[in-house]
Structures are given as structure tokens and as C-alpha cells.
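Novice: Each number in the numbering used here corresponds to the 1-based position in the sequence shown with 206 added. Just so it is clear, CB atoms sit at the ideal spot from N, CA and C, and this is done for glycine as well.
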Amino acid sequence: MQSTSGEDPRPNSGRGPSRIRVVVRKRPLSDKEIQKKETDVLDVDEPSATVTVHEPKVKVDLTKYVEKHPFPFDQAFDQDATNEYVYDACIGPLVPTIFQGAKATCFAYGQTGSGKTYTMGPLPLRCCQQIFDFIQGRNDLILTISVFEIYGGKIFDLLNKRARLVMREDGKANVCIVGLTEHEVSDVHKVKDIINISSGSRSTGCTGANSDSSRSHAIMQLTLKQVGGRRGSEALGKFSFIDLAGSERGADTYNNDKKTRVEGAEINKSLLALKECIRALDNDSKHIPFRGSKLTEVLRDSFSGDCRTVMIANVSPSDQACENTLNTLRYAYRVRELKNQDPATKKSNSFNRGGVPGVWEDEMD
Numbered sequence: 207m208q209s210t211s212g213e214d215p216r217p218n219s220g221r222g223p224s225r226i227r228v229v230v231r232k233r234p235l236s237d238k239e240i241q242k243k244e245t246d247v248l249d250v251d252e253p254s255a256t257v258t259v260h261e262p263k264v265k266v267d268l269t270k271y272v273e274k275h276p277f278p279f280d281q282a283f284d285q286d287a288t289n290e291y292v293y294d295a296c297i298g299p300l301v302p303t304i305f306q307g308a309k310a311t312c313f314a315y316g317q318t319g320s321g322k323t324y325t326m327g328p329l330p331l332r333c334c335q336q337i338f339d340f341i342q343g344r345n346d347l348i349l350t351i352s353v354f355e356i357y358g359g360k361i362f363d364l365l366n367k368r369a370r371l372v373m374r375e376d377g378k379a380n381v382c383i384v385g386l387t388e389h390e391v392s393d394v395h396k397v398k399d400i401i402n403i404s405s406g407s408r409s410t411g412c413t414g415a416n417s418d419s420s421r422s423h424a425i426m427q428l429t430l431k432q433v434g435g436r437r438g439s440e441a442l443g444k445f446s447f448i449d450l451a452g453s454e455r456g457a458d459t460y461n462n463d464k465k466t467r468v469e470g471a472e473i474n475k476s477l478l479a480l481k482e483c484i485r486a487l488d489n490d491s492k493h494i495p496f497r498g499s500k501l502t503e504v505l506r507d508s509f510s511g512d513c514r515t516v517m518i519a520n521v522s523p524s525d526q527a528c529e530n531t532l533n534t535l536r537y538a539y540r541v542r543e544l545k546n547q548d549p550a551t552k553k554s555n556s557f558n559r560g561g562v563p564g565v566w567e568d569e570m571d
């Protein structure tokens, strides 16, 4: 397998800017998983940015064997990677781009319980601190924060008692969320308060996969504004952090009520639409299918113009979550879809299981 190193997302990197980077982060086994004697089936090779799943299987003759599934990405983080290291590798290089009028977006994706919230939680705070460092002493730039969620195809303001919001388009096809509150911030303490308020207002529920599963997509938007001009204040750049609802298999909803099953179907539909938008974005497609879901409609401006996107796929190492982990890696891999290879290589590459890397088998003792 050809190893793939991470790309530098900064606008002036030698190889040219990459509009989309896909990275993977493995979390450690939890205390509960260790007590249940669950085993670690994930190997992360950071130099080659490859994640390998060792899936335990049994043949018809009851012979046990391990099926190896290697996945190359732009960057891969092992369980020992700190949040600071993840930030410096994924988010830090994107912050300067919003001062140049760009729109940066970070997605956290994965099954429920894979560490999405743990990964996403500190990123906006550190991002704000980096922005404050840049604008210190400047009176012409301010930073505002807004937080909302998309739940069941509806939009709610998480900083205004979950007020129902409406999305509109102006004459230039720009997306506007009517009534969304924006809070100007100037220090990280105010940012912490906003994060705590929004986290407490988010929709959660019990599913067959997780007793406290996020049932909505939460979007935090940091908008850098220039003030003092004729128009008062004008948006210069934007950084969006999206904590996606936990993905799940249909089998995980077997014991859920109708409402939860409908929620799961809506979540999976929006995740599929998001994948298609990101792929179209990186392929410089003339048509990007924004209208596939409410999520992609709302994020339309994040996919247009000068934009940078990083997807952080979070995975569990447990053998009991092996199928969910494979689904997460396949989704992330298809988003990436060998974008660093030339067209001839893409066509000649052989795949199995609908476009994922090759599989090797080792018999177990």
C-alpha cells in the first residue's frame, strides 16, 4: 500500500493548498471496556498516516482468523496524541486564513462514544485564544460567536433558550439564519461560558449504541468582523466547528422507539449529503449538492469561495465496536477518496467492499 503523508493546509504551502484534509483520531480503551476485557483492534502508524483494523472473524470450519483493513489518510493520531497536538496539526494552520477572508471548517465525525465531543470540546477555545493573540491591540477587528443545532431538520439557537430559527437566502444566494444571536467576545472566559451554555442546551437521547447520544448537529461559528467602515461591521472571515450527531447502524436502533429511529434516519441522510458536498468541493466540481440536507444548506457559505475544511474522524479501538469503526473509516476514506493520486492511478486501483482499501487475512493460533 502506498503510504500517504499529511498535507500542509496553509495557503502558501509548496504543493498548493488542499481544500479538504481528512484525519483520524483513535481514543484509548475506556475503564469500562478494560473491565469487560475488550481488546484493542486498531493500529495507527503515524509516519504513514495509516490506520489498520484487525477484525476478528471465524470461518465456516470454526477456524479463527484476523482480517486486516488498512486505511490511508492525510494524518492519523494514536491514542497518546494530546488535544494540543491535534489542534496544532489541524486547526492552528487554518486560523491565519480567516484574516485573509477565507472560511475554515472543522468537522468531528464518528460513532456515538468514539470521542467526538472530547476532541471537539477544546478546539474552539484554543482557536479563540489564537485569534485574540492576532487581534490584540487592534480596534478595527472583533470576534463574535453564535451556536445553533440542527435537530430533525429544524434549526435551534443554543444561546437563546433553543429559539426556533428560519433559514433564508438573500438575492445573492447567501444563506442567512434569521434571528440567530451573536455574542461579541474578547477573552476566553466568556468563550468558556458560551460553550457551557450551548452544551447544556443540545439535544441528546438514548439509543441502542449509547445511553447519552448526541441527536443533533451542533454548529459553533466564530466570525471575524471588521468594524469602523461605512457599513458599521462587516464579516471578514469565519471559522465553523461542527460536532456531528453520532453515526449509527440500523442494527443499533432495534430497540428504539419510532422517534429515535426517525432521528437516526435523518442523521444518516445528512451525513451522506455532507460527504457528497465535501467530495464535490475537493474535486472543484461546478455543482455542489447543498440541498441534500438542512445541514449542507446551512453550511453553504462554508463550501463556497476561499474555504478550507478538515474532517476529524474519531474511532473506538474496542473489538466490540469493530463494525462501527470500520463504517467510520470507510466513510472518511470515501470523503478523501484518493484525492492525492492522479486520475490514471484512481482508475487502475482495485477495490473491494464498495471502494475501500485492500484486505489481508492472517489465521489466528
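Who are the Cβ neighbours of GLU482 in its own chain at under 7 Å, not counting the five residues just before and after it?
Specialist: PRO495 and GLY498
Novice: Apart from the five residues on each side of it in sequence, which residues of its chain come closer than 7 Å, Cβ to Cβ, to THR387?
Specialist: Contacts found: SER352, ASP363, LEU365 and ASN366.
Novice: Would you mind stating whether LEU371 and VAL384 have Cβ atoms separated by less than 8 Å?
Specialist: yes
Novice: Can you tell me where the beta strand (DSSP E) holding ILE351 begins and where it ends?
Specialist: 347 to 357
Novice: Whose C-beta lies closer than 6 Å to the C-beta of PRO253 among residues of the same chain, with five residues either side of it excluded?
Specialist: none
Novice: Got a sec, what are the start and stop residues for the beta strand (DSSP E) PRO276 sits in?
Specialist: 270 to 278
Novice: So the candidates are LYS500, LEU349 and ASN380; which of them puts its Cα closest to the Cα of LEU396?
Specialist: For the record, residue 396 in the displayed sequence is Lys; it is not Leu. It is LEU349 whose Cα lies nearest to the Cα of LYS396.
Novice: ALA282 and VAL259: beta carbons closer than 8 Å?
Specialist: no
Novice: Mark ASN461 as exposed unless 16 or more other C-beta atoms lie within 10 angstroms of its C-beta, in which case mark it buried.
Specialist: Summary for ASN461: the model assigns pLDDT 49, below 50, so the residue's position carries little reliability, and this model does not support an answer.
Novice: Quick check: the segment 532 to 544 against the segment 332 to 342, are at least 3 beta-carbon pairs closer than 8 Å?
Specialist: no
Novice: Work out the CA separation of PHE447 and LYS398 for me, nearest whole Å.
Specialist: 15 Å
Novice: Where do the N-terminal and C-terminal ends of the alpha helix (DSSP H) with PHE496 fall, by residue?
Specialist: Segment: none, PHE496 is in no alpha helix (DSSP H) and carries neither H nor E.
Novice: Using a Cβ-Cβ cut-off of 8 Å (strictly less than) and excluding sequence neighbours within five positions of LYS263, which residues of its own chain qualify?
Specialist: For LYS263, where only same-chain residues beyond five positions count, the Cβ hits under 8 Å are LYS270, TYR271, VAL272 and GLU273.
Novice: State the CB to CB distance for the pair ARG514 and LEU300, rounded to an integer number of angstroms; the pair is presumed to be in contact (CB under 8 Å).
Specialist: ARG514 to LEU300, Cβ: 5 Å. Contact.
Novice: Report the three-state DSSP secondary structure of LEU430 (helix, strand or coil).
Specialist: strand
Novice: Can you name, in chain order, every residue of its own chain whose Cβ lies under 6 Å from the Cβ of SER476, other than the five neighbours on each side?
Specialist: SER499 and LEU501.
Novice: Using only the alpha-carbon positions, how far apart do THR652 and LYS243 sit?
Specialist: No answer is possible for residue 652: it lies beyond the span of the chain, which begins at 207 and ends at 571.
Novice: My understanding is that GLN427 touches LYS444, with C-beta atoms under 8 Å, so please give their C-beta distance in whole angstroms.
Specialist: With a contact defined as Cβ atoms closer than 8 Å, GLN427 and LYS444 qualify at about 6 Å.
Novice: Beta-carbon within less than 8 Å of ARG233's beta-carbon, same chain only, minus the 5 sequence neighbours each way: which residues are those?
Specialist: GLN285, SER320, GLY321, TYR324, ASN520, VAL521, SER522 and PRO523
Novice: Is SER419 helix, strand or coil by DSSP?
Specialist: Low local confidence applies: a pLDDT of 49 at SER419 is under 50, so the model's placement there is unreliable, and no value is given.
Novice: Return the CA-CA distance between ASN530 and ASP237, expressed in angstroms with no decimal places.
Specialist: 20 Å
Novice: I think PHE305 touches VAL230, with their Cβ atoms under 8 Å apart; what is that distance to the nearest whole Å?
Specialist: Between PHE305 and VAL230 the beta-carbon gap is near 29 Å, outside 8 Å, which marks them as no contact.
Novice: Per DSSP, HIS395 forms a beta bridge with which residues?
Specialist: None, per the DSSP bridge assignment.
Novice: Less than 7 Å between C-beta atoms, sequence neighbours within five positions excluded: which residues of the same chain meet that for GLY560?
Specialist: Low local confidence applies: a pLDDT of 41 at GLY560 is under 50, so the model's placement there is unreliable, with the coordinate-based value given in what follows. Within the same chain, GLY560 has no close Cβ partners at all.
Novice: What's the C-alpha gap between PHE354 and LEU480?
Specialist: 17 Å
Novice: Which of helix, strand or coil does DSSP assign to PHE340?
Specialist: helix
Novice: Nearest-angstrom Cα distance between PHE313 and ASP449?
Specialist: 6 Å
Novice: Checking the sheet assignment: what are the DSSP bridge partners for LEU525?
Specialist: The sequence as given places Asp at residue 525; Leu does not occur at that position. Paired residue(s): none; ASP525 is not in a bridge.
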